[in-house]
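Numbering (our numbering), first residue to last: 88 to 644. Even for Gly, the Cβ is constructed at its ideal location relative to N, Cα and C.
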Ligand code: ATP
């Protein structure tokens, strides 16, 4: 398929806000995509790889300005000026290509395949171990070659794809429904959703859709490809917990650690976060613990990795443990400073998928397949009861041991990937915080000039796939945190106007606040009063939803 065909569709999608219309437009495109469908589906989501795969293009707006300059011969100042004026580097690229001073002797017509191949090549460069400057130069050259072959409007969308800033308002639900409409007359969205939950890969699901419903339903879990974790609903009382999960229920301690999905394939181990990131290299101690204490040769364990103080063995909060998630060097040293214990709580796969088995059986199988060893690997503290008093006792013990509270789980429930269905609930005494994306910031003046200060926080509107502002945070941050935030945000800047910048919503922070108020001033319609920074959530890549904000607002009343 010509890339220009996809770009036509992008333009149509840009012109409508209505989800149903977007679904129809996409469904038409999918029907016509034939052998390009796998790529087209990814590009429609603004991706070049399925969600669970690691490589990222890794190019900032500043680098993209160099690229446009290389490809078109237009001055960087000019490019920056149009960027500021139009608020989007995509438009700037389009303008520059329209009036480029450099002409290629022989330009090629871009195809969808060429664009994906080239951008994948760029993303893979990070693996080559090149120095930062050589790596960036090579990336620039590859993307510049694409831009110099692009028509103006194609350059707009290539630029946005590179910067991970397509903003078409297309979420996973829209792609699911469009596939359903294109291949099954809109009758099998549940089957498609199931296939997606298992594979985390719409390109694969799309291919199966082309082949038929049987193929869609045959897609299953595969080892070493993470699936979405089942999430918990929040309850305020033990009674509410029992109402949700039934009696008797399993009661676990809720640890303040890192969710880890551990895969064992023919005895080899991989560790994934709930963002589906592969963190095996960062946790050699977890790999060893699993190699030595898990009997099954092919399984998936759902677990919490809990950090502890090496001096006295006491549990440390997630905030300190999170240092280990991103760290690519000094791993052995950090492993000693922040040792961890693996606390498995579910078994999703054991030579075959266990998703449809009741939790009671999965729990039993889990315990049969591990050998417990203190401070290395032990299943979570767990009781099964119908008595509120017993639950209360566990809750108090959990809190006095320094944990977060308890989880209550339905013994009969299956495992539902990616859902907050209420098969497990969390009960913790502290006020619910919100995990929000930083969507903008302001350059500071005075002592902190050169740093991004005031932070604009956004929640995620699932229906329209966009971030809406819900608060501004300027306090509660140390100088070190301001510095850290500036470093994190700089490469994500998409627009600058005066002192204000907009950034891609990739940095998630956990915010505390006094209360939630209704506010017409903020795009979400709600405002946090006195939001304060609690910590970065390195383990998350999506903010809490607008629905959650609404729910918390209602709960306050
Ligand atoms: P929170 O900030 O409260 O951890 P969250 O948004 O990260 O919430 P939830 O699904 O709402 O995630 O809460 C469940 C989380 O609690 C799990 O993702 C897991 O990391 C953690 N957890 C700790 N102990 C357990 C346990 N025994 N069983 C299940 N999850 C546990």
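query: Residue nearest to residue 264 in terms of C-alpha spacing, selected from 108, 334, 528; result: 108
query: Touch test, the segment 324 to 344 against the segment 295 to 306, Cβ-Cβ under 8 Å, three pairs minimum; result: no
query: Inter-residue spacing [alpha-carbon to alpha-carbon] between residue 361 and residue 181; result: 37 Å
query: Selected residue, minimal CA-CA separation from residue 91, among 487, 207, 227, 238; result: 238
query: Inter-stretch contact (C-beta, 8 Å, three-pair minimum) for the segment 188 to 200 and the segment 152 to 160; result: yes
query: Contacts around residue 334, its chain only, beta-carbon distance under 6 Å, and the 5 residues preceding and following it disregarded; result: 473
query: Where the alpha helix (DSSP H) containing residue 542 begins and where it ends; result: Taken as a continuous stretch (DSSP letters only), residue 542 belongs to no alpha helix (DSSP H), being part of the beta strand (DSSP E) at 539 to 548.
query: First and last residue of the uninterrupted beta strand (DSSP E) at residue 212; result: No beta strand (DSSP E) contains residue 212, which DSSP labels as neither H nor E.
query: Residues near residue 246 by beta carbon distance below 7 Å, same chain, minus five either side; result: 151, 176, 177, 180
query: Distance CB(residue 127)-CB(residue 199) smaller than 8 Å; result: yes
query: Residue 434 beta carbon near the ligand ATP (any heavy atom closer than 7 Å); result: no
query: Near the ligand HEM: residue 318 beta-carbon under 7 Å from a heavy atom; result: As presented, the structure is devoid of the ligand HEM, carrying the ligand ATP as its sole ligands.
query: Cβ neighbour criterion (16 or more within 10 Å) applied to residue 416; result: exposed
query: C-alpha distance - residue 461 paired with residue 509, whole-angstrom precision; result: 31 Å
query: Distance cut-off 7 Å: residue 90 Cβ against heavy atoms of the ligand ATP; result: no
query: Sufficient close CB pairs (3 or more, under 8 Å) joining the segment 100 to 116 to the segment 136 to 150; result: no
query: Neighbour-count burial assignment, residue 616, 16 or more Cβ in a 10 Å radius; result: exposed
query: Minimum C-alpha distance to residue 89 - residue among 289, 119, 113; result: 119
query: Inter-residue spacing [alpha-carbon to alpha-carbon] between residue 373 and residue 423; result: 13 Å
query: Terminal residues of the alpha helix (DSSP H) in which residue 291 lies; result: 289 to 298
query: Whole-angstrom distance between residue 400 and residue 258, CA atom to CA atom; result: 44 Å
query: Residue 242 vs residue 184 beta-carbon contact at 8 Å; result: yes
query: Delimiting residues of the alpha helix (DSSP H) encompassing residue 642; result: 633 to 643
query: Rounded separation between residue 279 and residue 290 - CA only; result: 12 Å
query: Residue 381 beta carbon less than 8 Å from that of residue 457; result: yes
query: Nonlocal neighbours in the same chain, by C-beta distance under 7 Å from residue 577, ignoring five residues either side; result: none
query: Extent of the continuous beta strand (DSSP E) run through residue 459; result: No beta strand (DSSP E) contains residue 459, which DSSP labels as neither H nor E.
query: Beta-bridge pairing of residue 377 - partner residues as DSSP gives them; result: None; residue 377 has no bridge partner.
query: Span separating the alpha-carbon of residue 78 from that of residue 349; result: Residue 78 cannot be examined here, being either before or after the span of the chain that is shown, 88 to 644.
query: Where the beta strand (DSSP E) containing residue 604 begins and where it ends; result: 602 to 605
query: Short Cβ contact (8 Å threshold) for residue 630 with residue 514; result: no
query: Contact test: residue 599 Cβ vs the ligand ATP heavy atom, cutoff 7 Å; result: no
query: Selection from 549, 153, 253 that minimises the alpha carbon distance to residue 94; result: 253
query: Any non-hydrogen atom of the ligand ATP within 7 Å of residue 121 CB; result: no
query: Selection from 538, 96, 358 that minimises the alpha carbon distance to residue 573; result: 538
query: Residue 730 - DSSP class collapsed to helix/strand/coil; result: The structure shown has nothing for residue 730, since the chain only spans 88 to 644.
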